[in-house]
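Right, one structure below, let's go through it.
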Amino acid sequence: MKYILLIYGDEQAWAGLSKEEMEAMYAGHNAYAQALTEAGVTFSGSELKPVSTATSIRFGNGGSKTIDGPFAETKEQLAGYYVIDVEHLEQALGWAEKMPGMNSGTVEVRPLA
Amino acid sequence: MFLSRIVENVVRTDGRRVLAGLIRLTGDFDAAEDALQEAYARAMAVWGREGVPDRPAAWLNTVARRIAIDRNRRDRGVDPPEELEAPPVVIEEEHEVEDDRLRLLFVCCHPALSPEARCALALRTLGGLTTREIARGFVEPEATTAQRLVRAKKKIREARIPYEVPPREKLPERIETVLSVIYLIFNEGYASTDAPSLLRPDLVAEAIRLARLTVDLLPDVAEARGLLALLLLTDSRRAARTTAAGEIVPLEEQDRSLWDPGQIAEGVRLLDDALALRAAGPYQTQAAIAALHVTASTPAETDWPQIAALYRALLRMMPTPVIEFNAAVAEGMATTLERALEGIARVERGGQLASYYLLPAAKADVLRRLGRSDDAAAAYREAIALVTNPAERRYLEKRLAECALALPPLRG
C-alpha cells in the first residue's frame, strides 16, 4: 500500500538555516533514503521549491483562473514529500516519525487511492 | 422454549471474542458483524432441530468464520463451497482468542481516529453496545454516533490501520491512548456534562468492563491495573453521591455505609498489585488518592497530608492547571483554609481555567467555611454561570441560597 508523507514546516525558518545546518539537513535525508532502501521500501520523493514559486489554477463558474500563489496561505507550508510503499499505516507512521530535520512542523500521512 | 435464552447467553459471554477473531479474519468490521448475525440466525435454526452443541461458542465461531469466508469468496466471484450446517468443532487456543481482542483494543483506540470515534468504536465492538445505546450514553443523536462509527471503520479500512499489537517501541504511547479512551468513557458516565442526572451508569459499567479486559490482556502493565483500581474506587461511592431525588451529596456529607465495601476492597487490592509492579504513573497515583478518601471512616480521618503529597507527585507527572488546582485545594485541606484560598487564587491568576466551574465552586466552598458569606456568594454565582450539569447547578444554587441567609460557618 502506498502512502504519501507530506512534509509541512515553516519555510522562513528553513530559509534561515546556515550552510552547515543545510548540509546536515540534506545528509539527514540521504541517510533516510538509505534506511528506506535497506528496509526494502520502494519510495520516491522530492523537496519542493518555496511557496513563492507556486502558481495555482482555481476552477469555478464554468471556467478557470490563474492565481499567483499556493492553494492556501498558511503558517506552515508544504516543503516536500515522500511516497513510500509499505504494508499498513503503522509502518507508514513509523517512517513519518523518523523524518529528518523536523524540530517543528508536521508530516501528514495519507494513503494513495 | 429456552433456545433463544441459550443463544442470548452465548452472545453475551462469547459474542465479543468471536467478533474480534472475525474482524481479524475479514479485516472488516461490518463484514464481521454481518457474519456473526447470520451465525446467530443459523444457531437458532440448527440448535432447535438438533439440540445445542457441547461447546456452543466454538460452534458459533466456526460457523461465523465459514460464513465470512464464503461471503468473501462470493464477493470476489468465486463459487462458495458446499455449506456445512454441522461443522466440526475446532476450538481456537485461548491465547489466540485473547490476542484477537488485544489487537482489536489497539485498533479501536488508534490515535489515527478521533477520541470520540475511539470511544464509540470501543463501546460498539468490545463492549457490544448498540449504536442507540452509545448515542444515549454520549447524549447525541443516533445518526451522529452512526456517522462517527461509519467514518471510523472507513478510515481503518482505507488508511489500512493494521490489526496488530503495536510495535514494542510504540507500546507505552499506545497503551496510554487505550487507557485514556476507557477513562474518557468512565468520566462521561460518572460526571456527565449535560445529562439530567449526574450519573449514566451504563457508561460507568462499560468503562469498568473495558478496564478489566485491559488488565486481563495486559497483566504486566501497572497503569492498566491503576486505572481499573481508580474506576472501582471512584465508583464505589456511587450510591452515596446523589439522593434518591438526584441531588448531589458532597463527599464529606455522604453516608459512608452506602459505599460499596467489595468494590473498595477490590480497588485497594488492585492498587497494591499495581504498585508492586514498580512502574508509577498518573492512574495509580489518582487511585491512591481515591483509596485514601474511601478508606477513611469519617471525613475528619481523611489523610489530607498524604493526599496533598500524592497530588504534588501527580503534578510532577502531569503538570496541568486542573491538577495544580486540585493540589492547591488538598494542600489547604492539609494545612489551613487560607492556604487553600491562596493556592486557588494562584491557579486563577494563571488564567487557564477561566471556564472551569469547579474552581469558583471550590473557592466558594472555602470562603463559606471561613464564614465569608458575601465573598462565597459571589464565587457561587461565578460557578453557576459556568456549570453545565443540571444536578451540579442545583447543588450550587442551594449553597448560594444558604449564603444569602448568612448562616454561621459550618466549620472554622
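Residue numbers (the working numbering), protein chains in the order written: chain A, 36 to 148; chain B, 255 to 666. Heads up, the beta-carbon is just placed ideally off N, CA and C, and yes, glycines get one too. These numbers come from a predicted model, not from an experiment.
Would you please verify whether the beta carbon of residue i is less than 8 angstroms from any beta carbon of chain B?
i               : result
H123 of chain A : yes
A131 of chain A : no
E143 of chain A : no
M134 of chain A : no
How many Å lie between residue i and residue j at the Cα?
i               : j               : result
Y437 of chain B : E287 of chain B : 26 angstroms
S81 of chain A  : I42 of chain A  : 10 angstroms
T141 of chain A : K133 of chain A : 12 angstroms
K617 of chain B : V503 of chain B : 18 angstroms
E444 of chain B : R653 of chain B : Position check: residue 444 of chain B holds Tyr in this sequence, whereas Glu was assumed. About 22 angstroms.
L113 of chain A : K424 of chain B : 27 angstroms
D456 of chain B : E394 of chain B : 15 angstroms
S79 of chain A  : V121 of chain A : 13 angstroms
T384 of chain B : A376 of chain B : 11 angstroms
M571 of chain B : W301 of chain B : 55 angstroms
I323 of chain B : L314 of chain B : 14 angstroms
R320 of chain B : A289 of chain B : 9 angstroms
A494 of chain B : N643 of chain B : 18 angstroms
E592 of chain B : D474 of chain B : 43 angstroms
F256 of chain B : E304 of chain B : 14 angstroms
P341 of chain B : R309 of chain B : Low confidence applies to P341 of chain B: its pLDDT is 47, below 50, so where it sits in the model is not reliable enough to give any reading.
P573 of chain B : G391 of chain B : 30 angstroms
M587 of chain B : L531 of chain B : 31 angstroms
Y67 of chain A  : S87 of chain A  : 27 angstroms
Q401 of chain B : M60 of chain A  : 43 angstroms
H64 of chain A  : T109 of chain A : 24 angstroms
L403 of chain B : Y611 of chain B : 32 angstroms
A311 of chain B : L529 of chain B : 37 angstroms
G500 of chain B : A645 of chain B : 7 angstroms
G51 of chain A  : M137 of chain A : 15 angstroms
A584 of chain B : F360 of chain B : 36 angstroms
P334 of chain B : D526 of chain B : Because the pLDDT of P334 of chain B is 49, which lies under 50, any placement of that residue in the model is unreliable, and the question is left without a value.
K54 of chain A  : R428 of chain B : 39 angstroms
H364 of chain B : Y117 of chain A : 23 angstroms
E506 of chain B : L659 of chain B : 22 angstroms
A205 of chain B : L621 of chain B : Any question about residue 205 of chain B goes unanswered here, given that chain B covers just 255 to 666.
A127 of chain A : G605 of chain B : 39 angstroms
Pull up the DSSP beta-bridge partners for residue i, would you.
i               : result
P146 of chain A : A:Y38
E82 of chain A  : A:G115
R93 of chain A  : A:K100
G44 of chain A  : A:Q112
V141 of chain A : First, the amino acid is wrong: residue 141 of chain A is Thr here, not Val. Answer by DSSP bridge pairing, in chain order: A:Y43.
T77 of chain A  : A:D120
T496 of chain B : B:I502
For residue i, decide whether its Cβ has a neighbour in chain A, counting only Cβ atoms nearer than 8 angstroms.
i               : result
I415 of chain B : yes
A285 of chain B : no
T280 of chain B : no
V615 of chain B : Correcting the residue identity first, residue 615 of chain B is Ala in this sequence and not Val. With 8 angstroms as the cut-off, A615 of chain B does not count as an interface residue toward chain A.
A366 of chain B : yes
E430 of chain B : no
P369 of chain B : no
Taking residue i as the query, report the chain B residues whose CB atoms sit under 7 angstroms from its CB, ordered along the chain.
i               : result
M36 of chain A  : R414
A146 of chain A : First, the amino acid is wrong: residue 146 of chain A is Pro here, not Ala. Within chain B, the residues near P146 of chain A are E412, A413, R414.
Can you pull the chain A residues whose beta carbon is under 9 angstroms from the beta carbon of residue i, in chain order?
i               : result
E427 of chain B : The premise fails here: E427 of chain B is roughly 11 angstroms from chain A at the closest Cβ pair, so nothing lies under 9 angstroms.
P420 of chain B : E125
What do you reckon, is the C-beta of residue i under 7 angstroms from a heavy atom of the ligand ADP?
i               : result
A519 of chain B : In the structure on display, the ligand ADP does not appear, and there are no ligands present to speak of.
* Below 8 angstroms, can you find three or more Cβ-Cβ pairs linking the region 514–527 of chain B to the region 483–497 of chain B? -> Yes, the region 514–527 of chain B is in contact with the region 483–497 of chain B.
* Touching by the beta-carbon criterion (3+ pairs, under 8 angstroms), the region 353–364 of chain B and the region 413–432 of chain B -> Judged by Cβ distances under 8 angstroms, the region 353–364 of chain B makes contact with the region 413–432 of chain B, as three or more pairs qualify.
* Asked: Are at least three pairs of beta-carbons, each pair with one atom in the region 464–482 of chain B and one in the region 531–540 of chain B, less than 8 angstroms apart?
  -> Output reads yes: the region 531–540 of chain B touches the region 464–482 of chain B.
* Three or more C-beta pairs closer than 8 angstroms, one from the region 104–119 of chain A and one from the region 80–95 of chain A: is that the case here? -> Yes, since at least three Cβ pairs between the region 104–119 of chain A and the region 80–95 of chain A fall closer than 8 angstroms, the two stretches touch.
* To do: Report yes or no: do the region 611–627 of chain B and the region 576–594 of chain B share at least 3 C-beta pairs separated by less than 8 angstroms?
  => Touching, per the Cβ criterion.
* How about the region 631–638 of chain B and the region 595–605 of chain B: do they share at least three Cβ pairs that are nearer than 8 angstroms? -> As far as the Cβ criterion goes, the region 631–638 of chain B does not touch the region 595–605 of chain B, which means the pair count is below three.
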